[in-house]
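Residue numbering for the sequence shown follows UniProt numbering, starting at 1 and increasing by one per position. Structure, as structure tokens:
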Amino acid sequence: MATRGFGGRRPPRDTAGRIPPGQSATDGFPVLAATPTPYIPLDQWSFTLKVGPRTVATWNWEQFNALPRTQFTRDIHCVTKWTKLDTIWEGVSIDDLLKAAGLEPPTKFTLAHSYGGYSTNVPIDDLTGGKAMVALRYDGKPLEPDHGGPARLLVPHLYFWKSAKWVNGLQFTQRDEAGFWELRGYHMRGDPWKEERFAGD
């Protein structure tokens, strides 16, 4: 994992209740990655929904950008103990994505897949109900490759490794299957308020 740009500080008193245990606020936006940054030409980008191995919907970049847009202003929390407050994102909510596919969640579990081979598991209850999106823009600008562009999953209420960079699909699974970091000892859910960093936390 590579990281840069983290300078921790004590949170101001009026925001202290928004900082989970063991976290420090940062004004920067640290860059972390399990794999090298891929650069995906937009004319080759696609996003796929699968139920098990079966593809049920696919969008190219133009089609995906034509879907309804949602904006989130959320705090984000990294397992490496930084928190960034009031981050602004724009993209397609998972609710709108499923609606566009005409799909009701067929299972309780998903794996998010990314260009470069990364994956992470996220229960469907953590993705729906206005909780998550496929983010295309950050702070009013197209999402930069180092931060997961052209598109990343955004699940801000969980530790940020669940917000898979360079995401290119969601796969519904019958059971809660471990992804890249979960196979290497990270927690299967990753709730920052419960300090669910590692298996057994």
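The beta carbon of each residue, even a glycine, is placed where N, CA and C say it ideally should be. On a predicted model such as this, the values are computed, not experimentally measured, just so you know.
Task: Local conformation of W59 per DSSP, three classes - done: The answer is strand: DSSP assigns W59 an E or B state.
Open item on the list: Buried or exposed for G7, going by 16 or more other Cβ atoms inside 10 Å?
Closed with: Model confidence at G7 stands at a pLDDT of 45, short of 50, so the residue's coordinates are unreliable; what they give is reported in the following sentence. Classification of G7: exposed, given that the 10 Å Cβ count is below 16.
- [ ] Tell me T120's beta-bridge partners as DSSP assigns them.
- [x] Paired residue(s): A112.
- [ ] For T73, name the three-state secondary structure that DSSP assigns.
- [x] Three-state result, T73: strand.
Open item on the list: Does F29 come out as helix, strand or coil in the three-state DSSP assignment?
Closed with: Shown here, F29 sits in coil according to DSSP, grouped into three states, outside any helix or strand.
Open item on the list: Using 8 Å for Cβ pairs, my map puts K141 next to I124. What's the rounded Cβ distance?
Closed with: Cβ atoms of K141 and I124 stay farther apart than 8 Å, at about 30 Å.
Open item on the list: Pairs of beta-carbons, one from the stretch 81–90 and one from the stretch 54–64, closer than 8 Å: are there three or more?
Closed with: Contact check between the stretch 81–90 and the stretch 54–64: fewer than three CB pairs, one atom from each, fall below 8 Å, which does not count as touching.
TODO: Determine the direct distance from the alpha carbon of V56 to that of G148, and round the result to whole angstroms.
DONE: G148 and V56: Cα-Cα distance of roughly 24 Å.
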